[in-house]
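Everything in the sequence shown is counted per the numbering used here, starting at 536 for the first residue and increasing by one. We put the beta carbon where it would ideally sit given N, CA and C, even for glycine. The structure appears below as structure tokens.
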Amino acid sequence: MKLTQLKYFLRIAEVGSVSAAARDLFIAQPALSHQISALEKDLGVKLFIRSVKGVQLTPAGEKLIHHAGLILRQIENARADVISDEASPRGEVSLVLDASKAYTLMPLLVTETAQRFPEIQLQVFEAMSLVAAQNIADGKVDIGLIPNAADLSDVEVLPVYRESMHLVGKDIRQKNTDIDEDQQTILFEKLSNYPLVAPSRPHNIRMHIEQTALEARRPLDIRYEQDAAQGMRSLINSGIANALIPKDVMNVELQKGELDALKVIQPSIDRVHSLVRLKGRPVTAACRVIEDLVVEVITSLCEQGLLDGEILNSSG
536 MKLTQLKYFL
546 RIAEVGSVSA
556 AARDLFIAQP
566 ALSHQISALE
576 KDLGVKLFIR
586 SVKGVQLTPA
596 GEKLIHHAGL
606 ILRQIENARA
616 DVISDEASPR
626 GEVSLVLDAS
636 KAYTLMPLLV
646 TETAQRFPEI
656 QLQVFEAMSL
666 VAAQNIADGK
676 VDIGLIPNAA
686 DLSDVEVLPV
696 YRESMHLVGK
706 DIRQKNTDID
716 EDQQTILFEK
726 LSNYPLVAPS
736 RPHNIRMHIE
746 QTALEARRPL
756 DIRYEQDAAQ
766 GMRSLINSGI
776 ANALIPKDVM
786 NVELQKGELD
796 ALKVIQPSID
806 RVHSLVRLKG
816 RPVTAACRVI
826 EDLVVEVITS
836 LCEQGLLDGE
846 ILNSSG
């Protein structure tokens with residue numbers, strides 16, 4: 536199995552045609568077909584189903600798509616890392632963020648990377664925590680920032696910061712006479728008075744708040760389920776429901792005074808966000824500086840009060 540053959544295979548799979556791939560690769564079609572036949576012979580399986588309309592991947596071909604992409608990407612990362620130096624790291628880095636953090640962190644990470652590390656191509660994705668963890672396990676991304684990663688297997692985990700959940704909603708302070716004097720916190724036992732919107736199971740936030748409620752023996756009124764960020768925001772902004780979420784998710788509305796946020800206490804609902812990478816996966820210089828940048832950005836946002844959390848690791 537040769538790298539050139541994998542490149543050819545991926546291009547054919549992408550365009551769905553041997554003749555179109557041959558044109559794109561500037562290679563004669565018979566020569567391209569010969570390379571793919573040699574690859575199939577080497578593997579002992581058929582990779583494509585051929586027809587007059589083009590080609591389709593076989594189940595074996597579908598499996599090879601994943602591996603071929605990872606192999607070629609690792610080769611490119613190795614090449615970039617070898618010619619990198621500490622002053623000028625280069626290469627491609629893929630980072631997945633838990634969806635609750637993407638709105639706050641993604642713009643800063645993208646702009647800071649472009650300004651400070653112009654030779655790093657940063658790809659940032661957002662996903663629910665379970666999907667993000669699976670992307671790391673499958674090797675689809677280099678690093679991730681995800682909550683409650685301590686129970687994941689075959690990964691390296693670096694705790695970054697601990698955040699607290701807030702009750703976020705419309706006119707909470709006006710409606711509630713049980714809030715403490717500083718108007719910043721609310722007792723867990725009072726949460727049952729508020730209709731809530733929450734993601735469906737097994738979303739991390741949903742499982743976390745339900746576990747806390749079970750341990751505290753205080754039921755919650757989760758009246759609506761909504762996995763889409765825009766759907767949740769609309770229910771909160773309209774006053775139909777409240778949410779137990781990190782308050783930075785709704786920073787824009789909070790800063791405008793359109794919503795209230797009260798930190799939940801006795802017990803608090805806390806979770807730890809960690810940088811996670813697949814164990815044994817080579818760590819390039821570019822990956823290392825992006826990990827440091829993530830910690831730096833989170834630290835700065837916490838110091839500014841834009842993230843409510845306790846830093847567990849610093850990049851210094």
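Beta-bridge partners of residue i, as assigned by DSSP
i: N777; result: L731
i: L696; result: The residue you asked about is not Leu; residue 696 is Tyr in the sequence shown. Y696 is bridged to H808 and I846.
i: K798; result: H701 and T720
i: E691; result: R812
i: V590; result: R585
i: Y759; result: V732
i: V681; result: Residue identity differs from the one stated: residue 681 is Ile in this sequence, not Val. DSSP lists S809 as partners of I681.
CB of residue i within 8 Å of CB of residue j, strictly
i: V703; j: A796; result: yes
i: L847; j: V807; result: yes
i: S809; j: L643; result: no
i: V832; j: E698; result: no
i: D783; j: L842; result: yes
i: A603; j: L545; result: yes
i: S586; j: D633; result: no
i: R753; j: S727; result: yes
i: M536; j: L574; result: yes
i: L592; j: A555; result: no
i: V799; j: L779; result: yes
i: V631; j: I671; result: yes
i: V553; j: Q564; result: yes
i: T720; j: I804; result: no
i: V824; j: F652; result: yes
Assumed close pair residue i, residue j - CB separation to whole angstroms, cut-off 8 Å
i: E793; j: N772; result: 7 Å
i: L813; j: G674; result: 6 Å
Where the beta strand (DSSP E) through residue i begins and ends
i: D805; result: D805 to L813
i: I655; result: I655 to A662
i: I825; result: It is not in any beta strand (DSSP E) - I825 instead sits in the alpha helix (DSSP H) that spans A820 to E838.
i: S629; result: G626 to D633
Straight-line gap, residue i to residue j (C-alpha atoms, nearest Å)
i: L498; j: I610; result: For the chain, the structure presents residues 536 to 851; residue 498 sits outside this window and is missing.
i: V676; j: L640; result: 17 Å
i: G851; j: D762; result: Unreliable positioning characterises G851 in this predicted model, as indicated by a pLDDT of 46, which lies under 50. The coordinate reading is nonetheless provided below. Going from the Cα of G851 to the Cα of D762 covers about 37 Å.
i: N683; j: S635; result: 13 Å
i: V628; j: E661; result: 14 Å
i: I744; j: I775; result: 20 Å
i: A566; j: E597; result: 23 Å
i: Y696; j: P781; result: 13 Å
i: S623; j: Q540; result: 32 Å
i: L836; j: M785; result: 15 Å
i: I655; j: E724; result: 48 Å
i: A685; j: T819; result: 23 Å
i: L607; j: P817; result: 14 Å
i: I584; j: D559; result: 21 Å
i: E845; j: L578; result: 51 Å
i: K588; j: A557; result: 16 Å
i: E838; j: Q790; result: 16 Å
Delimiting residues of the alpha helix (DSSP H) encompassing residue i
i: V676; result: Where V676 is concerned, there is no enclosing alpha helix (DSSP H), given that its DSSP letter is neither H nor E.
i: S552; result: It is not in any alpha helix (DSSP H) - S552 carries neither H nor E in the DSSP assignment.
i: L726; result: No alpha helix (DSSP H) contains L726, which DSSP labels as neither H nor E.
i: G792; result: Run containing G792: none; DSSP gives neither H nor E here.
i: G766; result: A764 to N772
i: P841; result: Going by the sequence as given, residue 841 is Leu instead of Pro. Here L841 belongs to no alpha helix (DSSP H), and DSSP marks it neither H nor E.
is_contact[residue i, chain D] using C-beta, thresh 8 Å
i: T646; result: Of the protein chains in the structure, only one exists, and it is not chain D.
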